[in-house]
Structure formats: structure tokens, C-alpha cells
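Inspection log for the structure reproduced underneath, given as C-alpha cells.
In this note's numbering, the protein residues as written are -17 to 43.
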């Protein structure tokens, strides 16, 4: 029973991953995550700052 579980884990670990038909290497997923965060985070920070300014203007906290 235990051997079957380890075989499943090993086959999952060796599973090849593809994105748009391109095989992903070991560090590619990390690079994709970092690229996604660096494109989204600046906009999120700007939106949060705008909300903070609007709250100060409307509610005079």
C-alpha cells in the first residue's frame, strides 16, 4: 500500500507541465508568478491610495 502511494507521488513530481504548448522548466513557474505580481501590484497600490484619499476627503477622519 505504501509503495503505491510513493509511486503516485513520484509520477506527480515528474509530470511535465505545458503553457500554451511550451514546456515549462523548473524555474519558469516562479518567473510567471513574479511577472504577474509585478504587473498587478502597482495598480493595486494606486487604487488603494486613491481610496484612502477619497475617504479622507469625504469623511474628514
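Where is the CB? At the ideal position from N, CA and C, for every residue including glycine.
Note that the coordinates shown come from a computational prediction; the quantities given were computed from them, not determined experimentally.
Residue i - DSSP class collapsed to helix/strand/coil
| i | result |
| --- | --- |
| residue 23 | helix |
| residue 5 | strand |
| residue -10 | At residue -10 the pLDDT is 48, less than 50, meaning the model places this residue with poor confidence; the figure from the coordinates comes in the next sentence. Helix, per DSSP. |
| residue -17 | With a pLDDT of only 48 at residue -17, under 50, the local geometry of the prediction cannot be trusted, and the value read off the model is given with reservation. Residue -17 falls in the coil class under three-state DSSP. |
Opposing strand residues paired with residue i [DSSP bridges]
| i | result |
| --- | --- |
| residue 0 | 5 |
8 Å Cβ cutoff met for residue i and residue j
| i | j | result |
| --- | --- | --- |
| residue 8 | residue -2 | no |
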